[in-house]
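This report concerns only the one structure given below.
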Amino acid sequence: MVVKYGGHAMENEELKDSFAQDVVLLKYVGMHPVIVHGGGPQIDAALKAQGVATRFVRGMRVTDAATMDVVEQVLVGKINKEIVALLNRHGGRAVGLSGKDGELVVARKRPGADDLGLVGEVVGVNPRVIDALEGFIPAIAPTAAGADGQTYNINADVVAGKIAEALRAEKLILLTDVEGVRARDGTLLDTLTADTAVELIADGTIAEGMIPKVECCVEALRGGVKQAHVIDGRVRHALLLEVLTSRGVGTELVPATRRPRRRLSRA
C-alpha cells in the first residue's frame, strides 16, 4: 500500500495524529504502508522567508537552482524528519528517505513546451530499497537525482504512483483536501473504472486540479496496482475508513477489467 500524504492532513495537529495512528495500525495488522509526502505550503513559506521569488507556469512551480535548494531543505531536511518522528511517536518504526537514497527513484528533466527548470519526471524505481526495509515504515520525500547527478523536484502524486507500480501494490491512496471525484451534477462518485475515469476527463466532468490526480491513479492501475483511492484527508482516520470499511471516505478507482465492488450509501 502506497499513501500520498499531503494537504490539510499535514497541517492540522489532530489530523496528523490520526494519520499516524492509522498508518501504524495498518502496519501492525499485516499491511505494508509506504508513505510519500508533499509539502507545497511549507515550501512556499520557506521561499518567502528566504526571499526567493516563486513563479508558476500552468499551476506548476518553476524550480531554478535557488528554489531547488530550498525545496530539498524543506522536503528532505524538515518535513520528512517530522513525519518520521510523528510515526515513531505513535508506535511505528519509520525510516526517512528521498528518491536519491539507494537510487530509489531515478529522474530526468520533465520534457514539454514549458521550461519548468529542475522539475523532473520518474524514469525508474528500485523497489529493492523498500524491500530491504521490511518491518519499517518508509517515508519518502519526492526529490530524486538524474543520471547526471542533478537533483529534481517531482510531483508527489506521481512519485507515489510510480512506486506503487514498482511494488505491484494492492492500493495507491491519495489524501486530498476534497471529498473525492464528483459527477457533473456534484454527487460524489464512490467507484470508477479506469476507462470511465478517462472518459470523464475527456468530457470535462473531471477538471482542473483533479485531472492529474485521476490520471496518476489510472496510470498506476494500468501499471499493475490493484486499486487506487482519492480520499478526503480532512476526515479523521480517513485511511482506516477507506481501507477497512465498505463506506469509505472518497472515490475508489479500479481496473477496467474488474467489476467495481458495491459500496454502501453515505446517506
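In this text, residue positions in the sequence shown follow the numbering used here: the first is 36, and each later residue adds one. Where is the CB? At the ideal position from N, CA and C, for every residue including glycine.
Contact set for residue i: own chain, Cβ-Cβ below 8 Å, skip 5 residues either direction
| i | result |
| --- | --- |
| Ala-55 | Leu-121, Leu-122, Arg-124, His-125 and Gly-127 |
| Ala-182 | Val-141 and Arg-143 |
| Arg-90 | Arg-96 and Val-97 |
| Arg-168 | A small fix is needed here, since residue 168 is Leu in this sequence, not Arg. Around Leu-168: Val-130. |
| Thr-186 | Met-103, Glu-107, Lys-135, Leu-153, Thr-178, Ala-179 and Ala-180 |
| Leu-275 | Asp-57, Leu-60 and Leu-61 |
| Gly-42 | Gly-73, Leu-210, Thr-211, Asp-212, Gly-268 and Arg-269 |
| Glu-46 | Pro-76 |
Element boundaries [beta strand (DSSP E), containing residue i]
| i | result |
| --- | --- |
| Lys-206 | 206-211 |
| Leu-288 | 285-289 |
| Ala-174 | 172-176 |
| Val-278 | Looking at the DSSP string, Val-278 is not in any beta strand (DSSP E); the run it does join, the alpha helix (DSSP H), is 273-279. |
| Ile-165 | Per DSSP, Ile-165 belongs to no beta strand (DSSP E); it is in the alpha helix (DSSP H), 163-166. |
| Val-71 | 69-72 |
| Thr-98 | Taken as a continuous stretch (DSSP letters only), Thr-98 belongs to no beta strand (DSSP E), as it is neither H nor E. |
| Asn-188 | 186-188 |
Proximal residues to residue i (C-beta, below 7 Å), its chain only, five neighbours per side dropped
| i | result |
| --- | --- |
| Asn-161 | Gly-137, Glu-138 and Leu-139 |
| Ala-273 | Leu-210, Ile-266, Asp-267 and Val-284 |
| Arg-145 | Leu-151, Val-154, Gly-155 and Glu-156 |
| Val-233 | Val-253 |
| Ser-300 | Because the pLDDT of Ser-300 is 37, which lies under 50, any placement of that residue in the model is unreliable, and the question is left without a value. |
| Met-66 | Met-36 |
| Arg-271 | Glu-49, Leu-50 and Ser-53 |
| Leu-235 | Ile-241 |
| Glu-277 | Ile-208, His-264, Ile-266, Gly-283, Val-284 and Gly-285 |
Start-to-end residues for the alpha helix (DSSP H) that takes in residue i
| i | result |
| --- | --- |
| Leu-235 | 229-237 |
| Lys-62 | 48-63 |
| Asp-267 | Looking at the DSSP string, Asp-267 is not in any alpha helix (DSSP H); the run it does join, the beta strand (DSSP E), is 262-267. |
| Val-6 | Past the edges of the chain, shown from 36 to 302, lies residue 6, and the structure says nothing about it. |
Assigned secondary structure, residue i (DSSP; H/G/I helix, E/B strand, else coil)
| i | result |
| --- | --- |
| Ala-88 | coil |
| Lys-39 | strand |
| Gly-181 | coil |
| Asp-220 | coil |
| Gly-259 | coil |
| Gly-244 | coil |
| Gly-196 | helix |
| Gly-159 | strand |
| Ala-302 | At Ala-302 the pLDDT is 30, less than 50, meaning the model places this residue with poor confidence and gives no usable figure here. |
6 Å Cβ shell around residue i - same chain, five flanking residues per side excluded
| i | result |
| --- | --- |
| Val-37 | Val-69, Ala-195, Ile-198, Ala-199, Ala-204 and Leu-207 |
| Ala-44 | Leu-50, Phe-54, Leu-210 and Gly-268 |
| Pro-295 | Reliability fails at Pro-295, whose pLDDT of 49 lies under 50, so the model's placement of it is uncertain and the value that follows must be treated cautiously. If we look at Pro-295 and ignore the five residues flanking it on each side, its Cβ neighbours are Thr-226 and Val-289. |
| Ala-229 | Val-253, Leu-256, Pro-290 and Ala-291 |
| Tyr-40 | Ile-70, His-72 and Leu-210 |
| Ala-100 | none |
| Val-164 | Gly-137 and Leu-139 |
Any chain B beta carbon closer than 7 Å to residue i
| i | result |
| --- | --- |
| Thr-226 | In summary, chain B is missing from the structure at hand, where a single protein chain is found. |
Which runs of the alpha helix (DSSP H) spanning at least 4 residues fall entirely within the stretch 100-157, listed in chain order? Taking 4 residues as the shortest admissible run, the stretch 100-157 contains the following complete alpha helix (DSSP H) segments, listed from N- to C-terminal end: 100-107 and 115-124.
Does the contact criterion of 3 or more C-beta pairs under 8 Å hold for the stretch 230-250 versus the stretch 157-174? No, they do not touch.
Is the stretch 278-291 touching the stretch 211-226, taking contact as three or more C-beta pairs under 8 Å? The stretch 278-291, when compared against the stretch 211-226, does touch it at the 8 Å Cβ threshold.
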